[in-house]
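Sequential numbering of the sequence shown, starting at 8, is according to my numbering. Just below is one structure, and these are the notes that go with it.
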Amino acid sequence: MKILVVGSGGQLGRELKKLHTSDDANSWMFAARDQIDLQKADDLRRLNEWKPDVVVNCAAYTQVDKAEEEVYACWEINALGVGRLAKKCNEIGSWLIHVSSDYVYHHNPGRPIKEEDPLFPRGIYAASKAGGETLVREFNPKHIVIRTSWLYGNDGPNFVKTMIKLGETKSELRVVADQWGSPTYTYDLAKAIRKIIRTLADSPNAEFAGTYHYANEGVINWHGFAREIMQEMGYDTHVLPITSAEYAAAAPRPGWSALSLSKIKRVFDIFPPHWRISLKSYLQELKKTI
8 MKILVVGSGG
18 QLGRELKKLH
28 TSDDANSWMF
38 AARDQIDLQK
48 ADDLRRLNEW
58 KPDVVVNCAA
68 YTQVDKAEEE
78 VYACWEINAL
88 GVGRLAKKCN
98 EIGSWLIHVS
108 SDYVYHHNPG
118 RPIKEEDPLF
128 PRGIYAASKA
138 GGETLVREFN
148 PKHIVIRTSW
158 LYGNDGPNFV
168 KTMIKLGETK
178 SELRVVADQW
188 GSPTYTYDLA
198 KAIRKIIRTL
208 ADSPNAEFAG
218 TYHYANEGVI
228 NWHGFAREIM
238 QEMGYDTHVL
248 PITSAEYAAA
258 APRPGWSALS
268 LSKIKRVFDI
278 FPPHWRISLK
288 SYLQELKKTI
């Protein structure tokens with residue numbers, strides 16, 4: 008199969024680029040923003056030439072607070088651009104694997120959120136991600152939408168790297184304690200996407216189309232996650248809990264982002280590791296570079 012990764016310059020795209028070297032069964036192509044910019048419809052003409060069997064969309068506008076001001080750019084990339092990509096994939100007969108976000112939810116059902124639970128996006132970023140999902144489903148029946156949460160990895164800025172940097176110099180940190188979710192290592196998500204692609208190669212019909220959740224197992228709040236990072240790094244930094252209201256971000260965040268993983272386990276036989284195991288693995292690799 009020919010696989011095209013759009014948004015290959017981001018955290019997840021770079022992780023997929025590293026993993027493809029161990030995949031001899033498929034041919035991989037990688038397009039960063041200078042090749043395919045979802046804000047530029049003409050860029051999608053390249054897909055007519057490349058003719059991929061599967062397109063993995065990792066491109067996204069991810070500046071949650073800034074999106075409240077940059078509404079047009081956020082919607083162009085996360086919704087309208089994704090819709091154009093879905094249309095093009097349908098035209099050439101490609102599968103589209105689209106990475107979405109836990110931000111499409113903003114309610115707490117008292118259990119891990121299921122794929123079929125109602126969406127309730129709050130804020131421009133959240134609404135744009137929900138809009139992108141809708142357009143993917145409308146324009147390409149051969150789609151897989153993967154909602155994930157709290158991504159961190161080796162490339163690009165993320166919460167873990169920020170905490171490490173602050174922990175090196177600060178004796179005290181204040182971190183939100185009323186937002187709960189599952190930290191997700193990009194390496195684990197990339198492996199899951201690769202396994203999904205292999206499944207599609209073996210059974211390339213539409214039976215697998217739909218929406219799935221992927222995150223590392225286990226649930227924690229940001230405060231607890233920060234404390235775990237400090238402990239693993241051997242820092243003495245004191246981490247104090249605060250509320251979302253005290254943090255006063257420009258855009259609202261979901262208070263509950265625990266995603267049910269039952270469907271992806273059942274359909275694709277994918278079993279994510281616990282977030283603590285993945286964090287340890289990530290930090291072990293990171294320590295080699297700092």
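Positions of the beta carbon are idealized from the N, C-alpha and C atoms, including for glycine. These numbers come from a predicted model, not from an experiment.
Backbone CA spacing between residue i and residue j [nearest angstrom]
i: Thr176; j: Glu140; result: 41 angstroms
i: Asp72; j: Phe166; result: 15 angstroms
i: Ala67; j: Val78; result: 13 angstroms
i: Gln18; j: Glu292; result: 15 angstroms
i: Gly241; j: Arg181; result: 18 angstroms
i: Arg283; j: Met170; result: 16 angstroms
i: Val62; j: Ser101; result: 7 angstroms
i: Tyr289; j: Asn161; result: 8 angstroms
i: Ser267; j: Val111; result: 14 angstroms
i: Glu22; j: Lys168; result: 16 angstroms
i: Val183; j: Ser269; result: 28 angstroms
i: Ala213; j: His150; result: 8 angstroms
i: Lys272; j: Glu122; result: 13 angstroms
i: Ile236; j: His230; result: 10 angstroms
i: Ser156; j: Ser107; result: 9 angstroms
i: Asp276; j: Ser29; result: 20 angstroms
i: Ala32; j: Ser15; result: 20 angstroms
i: Ala134; j: Lys295; result: 39 angstroms
i: Tyr132; j: Gln70; result: 8 angstroms
i: Arg53; j: Lys24; result: 19 angstroms
i: Asn55; j: Ile99; result: 7 angstroms
Bridge partner(s) assigned by DSSP for residue i
i: Ala300; result: Because the chain is modelled from 8 through 297, residue 300 falls outside the range shown and cannot be assessed.
i: Asn228; result: Trp187
i: Arg181; result: Leu247
i: Val63; result: Val12 and Ile104
i: Thr218; result: Val152
i: Tyr192; result: Tyr159
Closer than 6 angstroms: residue i CB and nearest the ligand ADP heavy atom
i: Val78; result: Because no ligand of any kind appears in the structure shown, any question about the ligand ADP cannot be addressed here.
Residue i, buried or exposed, once every other Cβ within 10 Å from all chains shown has been counted against 16
i: Ala222; result: buried
i: Phe127; result: exposed
i: Leu247; result: exposed
i: Glu195; result: The sequence shown places Asp at residue 195, rather than the Glu named in the question. Burial call: buried.
i: Asp60; result: buried
i: Phe232; result: buried
i: Val41; result: Correcting the residue type first, residue 41 is Asp in the shown sequence and not Val. Per the 10 Å Cβ criterion, exposed.
i: Ala74; result: buried
i: Thr250; result: exposed
i: Pro279; result: buried
i: Ala38; result: buried
i: Gly174; result: buried
i: Arg91; result: buried
i: His220; result: buried
i: Ala197; result: buried
i: Lys95; result: buried
Cβ-Cβ separation, residue j to residue i (assumed contact under 8 angstroms), whole Å
i: Asn85; j: Lys136; result: 6 angstroms
i: Thr191; j: Leu158; result: 5 angstroms
i: Cys65; j: Gly20; result: 4 angstroms
i: Gly6; j: Asp185; result: Only positions 8 to 297 of the chain appear in the structure, and residue 6 is not among them; the question remains open.
i: Lys58; j: Ser34; result: The pair is not a contact, with the Cβ atoms about 11 angstroms apart (cut-off 8 angstroms).
i: Val226; j: Trp187; result: 6 angstroms
i: Ser264; j: Asp109; result: 4 angstroms
i: Gln46; j: Glu76; result: Not a contact, Cβ separation roughly 17 angstroms.
i: Leu103; j: Asn147; result: 5 angstroms
i: His245; j: Ser189; result: With 8 angstroms as the limit, His245 and Ser189 do not qualify as a contact, their Cβ atoms being about 25 angstroms apart.
Fill in: Every unbroken beta strand (DSSP E) within the stretch 132-179, with a cutoff of 3 residues, ordered by chain
150-155
Practice prompt. Jot down the residue ranges of each uninterrupted alpha helix (DSSP H) in the stretch 66-131, minimum 4 residues, whole runs only, in chain order.
Written response: 78-82 and 88-99
Worksheet entry | Inside the stretch 234-280 only - alpha helix (DSSP H) runs reaching at least 4 residues | 251-254 and 269-275
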